[in-house]
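Line by line, the protein sequences are chains A and B.
By this note's numbering, the letter at position 201 of the first sequence is numbered 201, and the numbering carries on one by one without gaps.
So the mapping is simple: this note's numbering equals the position in the second sequence, first residue as 1, plus 341.
One structure below.
There are 2 protein chains.
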Amino acid sequence: MDQDTHVPTIKDVAKKANVSAATVSRVLHNLSGFSDRTKRKVLQVAEELGYRPNAIARGLVNKRTQTIGVLFPNVSGGFSTDILHGMEEAAHENGFSIIVCNTARDGERTMKYLQVLREKQVDGIIFASQVIKDDYVTELAAMRVPVVLVNTLASKDSIPYVKVDDQQAAYQATTYLIQNGHREIAMIAGTLGDRLTGLPRLKGYRQALEDHGIPFSESRVAYGDFQLEGGRSAMEKLLSEAPPFTALFAASDEMAIGAMGVAFEGGIKIPRDLSIIGYDDLIVSRMIYPPLTTIHQPLALMGRSALEMLIALIGGKQEVSNRIVQHRLVERGTVRPLARD
Amino acid sequence: MDQDTHVPTIKDVAKKANVSAATVSRVLHNLSGFSDRTKRKVLQVAEELGYRPNAIARGLVNKRTQTIGVLFPNVSGGFSTDILHGMEEAAHENGFSIIVCNTARDGERTMKYLQVLREKQVDGIIFASQVIKDDYVTELAAMRVPVVLVNTLASKDSIPYVKVDDQQAAYQATTYLIQNGHREIAMIAGTLGDRLTGLPRLKGYRQALEDHGIPFSESRVAYGDFQLEGGRSAMEKLLSEAPPFTALFAASDEMAIGAMGVAFEGGIKIPRDLSIIGYDDLIVSRMIYPPLTTIHQPLALMGRSALEMLIALIGGKQEVSNRIVQHRLVERGTVRPLARD
DNA sequence: GTATAGAGAGTAAACGTTTACTCTCTATAT
DNA sequence: ATATAGAGAGTAAACGTTTACTCTCTATAC
């Protein structure tokens, strides 16, 4: 009766194979200290019993769980999704599992997750595109596990990261609009307070303008939250309050798409009446119509990179260097060259 | 020196508070068997030391990890993403963590994941929209953990699930096209061999046709894989090989969007020249232009439901009943009523 | 023929909790 | 004054592994 509900342990294997648990462990790990005969016997018994090692017990002794915690501001955004995909891939290849956490951009919730991850003894942590508060840093320090950032920075560069050069990318996006003859260019920027992703993109935009002799005007900038709805309301604000503009740079594809929706609803044809360039190159951005001209970030690759950096750190590497990955402007259907006047 | 790298355990707390580890444990779990004085002392010391319980050790003794494994055919699809979001939410509320696995529709890979999840002693497993092979069922049985299915079925209904009524939903979608005056209706169906999601939708389509006196023709059906690319190639095939049609029912939004792309490229205007209805109601479906008319599935809710069912089972509930959630046709911009001839 | 090295394998402690049992008080009932 | 109940707390085993040590052979070197 008991056999029916008992899941076999290493001891069961040991007993049935007439060896000690230690020997079974050695065989299973292919260490030394057993004869060929024993090895065969152990393997056969393990197979027979359907034995699987218990990673929890293993984790307890060698203080490794082969598990990594990943925190996203919103799991369901196309953005997080693409990054997650790359991470998952790399994790699987390296024998790690991923616990996903959706922080919903909420500081308290993030702290709660950090504690859970600590208790679960994850081997490392990745933060994706999220502002890193000091609280987090303190908690992370107490956890004594390596951390890697994707698409964000910690103060004083204290944590390794992989990201693109936001300012340069924004500069390029804006310049592209200018080269297409636009001079009245609005921007939907990221969260106002966000100095890490929001500000550099705004700076790139401003710099491009000024380098081409176009005065920057705060009145042509609206702030969103990188998400669809934020893009929509920013666009509405721009349309009603800003001086007229012929082109728009949105600091995220989601916001660009939100803005496009508002434009369509208002009878503004894209790109005929308004040119738009986004930032991210989500998978959906090429699915929509017209397909979005945007700054491509290799998101899956960035996820993969971050995970590989993290694994190196977990493996004992003392330091990894930050990685600036290459962005790229991809021309699709939402920017129209303006006829010279 | 050692203090510097040592992470405090329950024993450290015990020693510093002059009590036994058992007492600390009792205090922390708010059981009985300690005075108020002791409680205060223990709590204070735990706080001072920055003590956090080790869930791995805990898991070892009470054979619970508060962790759930979730398997998706492709994490980066909008589909999985929305479901995951609902699950993550519910998991967090109930003190569970989620390990995500991307099976890439690969049987071997799935088995590998199942084994990892078994070793990691997850408390339960959720399969999302994936064909359940017999191999899996065997492995799952050996794991002795509860399983719940989302958007799929196992043979003989042996595993509880939450899904919509695919056949009825497809019937409704097709009927809607018919009621809008269409009689030449093509379909992009799911994977040919897939009897679980693919076939019912095909059946619903066929049934609706026949109930309205329209002969079903195999030549107007093309098969995709539920993903974007599959939709594109199916559409190309339909356009070149099928008899002309004025409307199209796609068994997934992704395929519908892929088909729309092909249509646009071919100069076919939607909905003027061709009406399209999809299936899923992904978040992106309302972001694109024109916004997709489709069958809404409450994906996040389904994810949440599945997770709650699973937790009930983990909690010892003997049985949960399957849940058929309500779908809904949402009218947006891709279906045009056909003028009566 | 003895010393010795190394192969093969077992013993037991350790990882950090939880929990069943046990023990010692103090307070109350008789 | 004694029996007894219950509060407060400790002891130790258990969970399933890994691993440092130890032990016993057999084979080889001399």
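For every residue, glycine included, the Cβ atom is placed at its ideal position computed from N, Cα and C.
Here the structure is a predicted model, which is why all the values come from computation and not from measurement.
Distance CB(residue i)-CB(residue j) smaller than 9 Å
{"i": "A:Cys-101", "j": "A:Gly-69", "result": "yes"}
{"i": "A:Asn-94", "j": "A:Ala-128", "result": "no"}
{"i": "B:Gln-456", "j": "A:Ile-56", "result": "no"}
{"i": "B:Glu-484", "j": "B:Arg-459", "result": "For clarity, residue 484 of chain B is Met in the given sequence; the question names Glu instead. Yes, the pair counts as a contact, with Cβ atoms nearer than the cut-off."}
{"i": "A:Ala-251", "j": "A:Thr-293", "result": "no"}
{"i": "B:Arg-645", "j": "B:Ala-431", "result": "yes"}
{"i": "B:Tyr-477", "j": "B:Val-489", "result": "no"}
{"i": "A:Met-260", "j": "A:Ala-222", "result": "no"}
{"i": "B:Ile-618", "j": "B:Ile-598", "result": "no"}
{"i": "B:Asp-353", "j": "B:Leu-390", "result": "yes"}
{"i": "A:Met-42", "j": "A:Ala-22", "result": "The sequence given here places Val at residue 42 of chain A; Met does not occur at that position. The answer is no: Cβ separation not under 9 Å."}
{"i": "B:Ala-583", "j": "B:Arg-561", "result": "yes"}
{"i": "A:His-85", "j": "B:Asn-415", "result": "yes"}
{"i": "A:Met-87", "j": "A:Ile-98", "result": "yes"}
{"i": "A:Leu-228", "j": "A:Glu-254", "result": "yes"}
{"i": "B:Leu-654", "j": "B:Phe-437", "result": "no"}
Residue from the options whose Cα sits closest to the Cα of residue i
{"i": "A:Phe-264", "options": "B:Ile-629, B:Val-603, B:Gly-391 and B:Leu-615", "result": "B:Ile-629"}
{"i": "A:Arg-332", "options": "A:Lys-112, A:Phe-226, A:Val-284 and A:Leu-310", "result": "A:Val-284"}
{"i": "A:Val-131", "options": "A:Tyr-171, A:Phe-249, A:Gly-190 and A:Ile-99", "result": "A:Gly-190"}
{"i": "B:Ile-526", "options": "B:Leu-679, B:Arg-367 and B:Ile-598", "result": "B:Leu-679"}
{"i": "B:Pro-612", "options": "B:Leu-623, B:Asp-475, B:Phe-586 and B:Asp-621", "result": "B:Phe-586"}
{"i": "A:Phe-249", "options": "A:Lys-269, A:Ser-240 and A:Arg-206", "result": "A:Arg-206"}
{"i": "A:Leu-329", "options": "A:Tyr-279, A:Leu-228 and A:Met-302", "result": "A:Tyr-279"}
{"i": "B:Thr-379", "options": "B:Ile-466, B:Val-365 and B:Leu-390", "result": "B:Val-365"}
{"i": "B:Tyr-517", "options": "B:Ala-588, B:Glu-389 and B:Leu-569", "result": "B:Ala-588"}
{"i": "A:Val-145", "options": "A:Glu-88, A:Thr-67, A:Ile-10 and A:Asn-180", "result": "A:Thr-67"}
{"i": "A:Gly-230", "options": "A:Gln-44, A:Ser-240, A:Arg-201 and A:Val-262", "result": "A:Val-262"}
{"i": "B:Gly-545", "options": "B:Leu-569, B:Asp-535, B:Ala-514 and B:Arg-561", "result": "B:Ala-514"}
{"i": "A:Ile-311", "options": "A:Gly-124, A:Leu-84, A:Asn-54 and A:Ser-275", "result": "A:Gly-124"}
{"i": "A:Leu-202", "options": "A:Glu-308, A:Ile-314, A:Asp-165 and A:Gly-33", "result": "A:Asp-165"}
{"i": "A:Asp-342", "options": "A:Gln-318, A:Lys-269, A:Leu-299 and A:Glu-236", "result": "With chain A represented from 1 up to 341, any question about residue 342 of chain A goes unanswered, as that position is not in the structure."}
{"i": "B:Ala-511", "options": "B:Leu-540, B:Tyr-392, B:Ala-647 and B:Ala-495", "result": "B:Leu-540"}
{"i": "B:Tyr-413", "options": "B:Ala-445, B:Pro-632, B:Leu-481 and B:His-553", "result": "According to the sequence shown, residue 413 of chain B is Phe rather than Tyr. Residue B:Ala-445 is the option with its Cα nearest to B:Phe-413."}
{"i": "B:Gly-565", "options": "B:Asp-535, B:Leu-401 and B:Gly-554", "result": "B:Asp-535"}
Buried versus exposed, by CB contacts within 10 Å (16 or more), residue i
{"i": "B:Pro-556", "result": "exposed"}
{"i": "B:Lys-504", "result": "buried"}
{"i": "B:Asp-614", "result": "exposed"}
{"i": "A:Ile-324", "result": "exposed"}
{"i": "B:Val-676", "result": "buried"}
{"i": "A:Gln-297", "result": "buried"}
{"i": "B:Ala-549", "result": "buried"}
{"i": "A:His-182", "result": "buried"}
{"i": "A:Gly-360", "result": "The structure shown does not extend to residue 360 of chain A, since chain A is modelled only from 1 to 341, so the question has no answer here."}
{"i": "A:Asp-82", "result": "buried"}
{"i": "B:Thr-406", "result": "buried"}
{"i": "B:Met-342", "result": "Unreliable positioning characterises B:Met-342 in this predicted model, as indicated by a pLDDT of 39, which lies under 50. The coordinate reading is nonetheless provided below. It counts as exposed."}
{"i": "A:Ser-35", "result": "exposed"}
{"i": "B:Arg-573", "result": "buried"}
{"i": "B:His-433", "result": "buried"}
{"i": "A:Gln-3", "result": "For A:Gln-3, the pLDDT reaches just 44, beneath the cut-off of 50, and the residue's location in the model is therefore unreliable, leaving the point undetermined."}
{"i": "A:Asn-30", "result": "exposed"}
{"i": "A:Ser-155", "result": "exposed"}
DSSP bridge partner residues for residue i (one or two, in chain order)
{"i": "A:Lys-163", "result": "A:Ile-324"}
{"i": "B:Asn-443", "result": "B:Phe-413"}
{"i": "A:Val-147", "result": "A:Ile-125"}
{"i": "A:Asp-211", "result": "In DSSP, A:Asp-211 forms no bridge with anything."}
{"i": "B:Thr-515", "result": "Bridge partners of B:Thr-515: none, in fact."}
{"i": "A:His-296", "result": "A:Asp-280 and A:Arg-328"}
{"i": "B:Ser-616", "result": "B:Ala-588"}
{"i": "B:Ser-438", "result": "B:Thr-408"}
{"i": "A:Ala-186", "result": "A:Leu-248"}
{"i": "B:Val-562", "result": "B:Met-528"}
Legend entry - Contact list for the region 381–410 of chain B against chain A, Cβ threshold 7 Å: Gly-391, Arg-393, Pro-394, Asn-395, Ala-396, Ile-397, Ala-398, Gly-400, Leu-401 and Thr-406
Inset, instruction - Could you run through the region 478–512 of chain B and flag, in chain order, every residue whose CB is less than 7 Å away from some CB of chain A? - result: Ala-483 and Arg-485
Legend entry - Members of the region 624–642 of chain B that neighbour chain A once the beta carbon cut-off is set at 9 Å: Ile-624, Val-625, Arg-627, Met-628, Ile-629, Tyr-630, Pro-631, Pro-632 and Ala-641
Inset, instruction - Name, going along the chain, the residues of the region 97–108 of chain A whose beta-carbon falls closer than 7 Å to a beta-carbon of chain B. - result: Ser-97, Ile-98, Ile-99, Val-100 and Asn-102
Inset, instruction - Determine which residues of the region 411–423 of chain B have a Cβ less than 7 Å from any Cβ of chain A, and write them out in chain order. - result: Val-416, Ser-417, Thr-422 and Asp-423
Legend entry - Residues of the region 258–269 of chain A whose Cβ lies closer than 8 Å to any Cβ of chain B, in chain order: Gly-258, Met-260, Gly-261 and Phe-264
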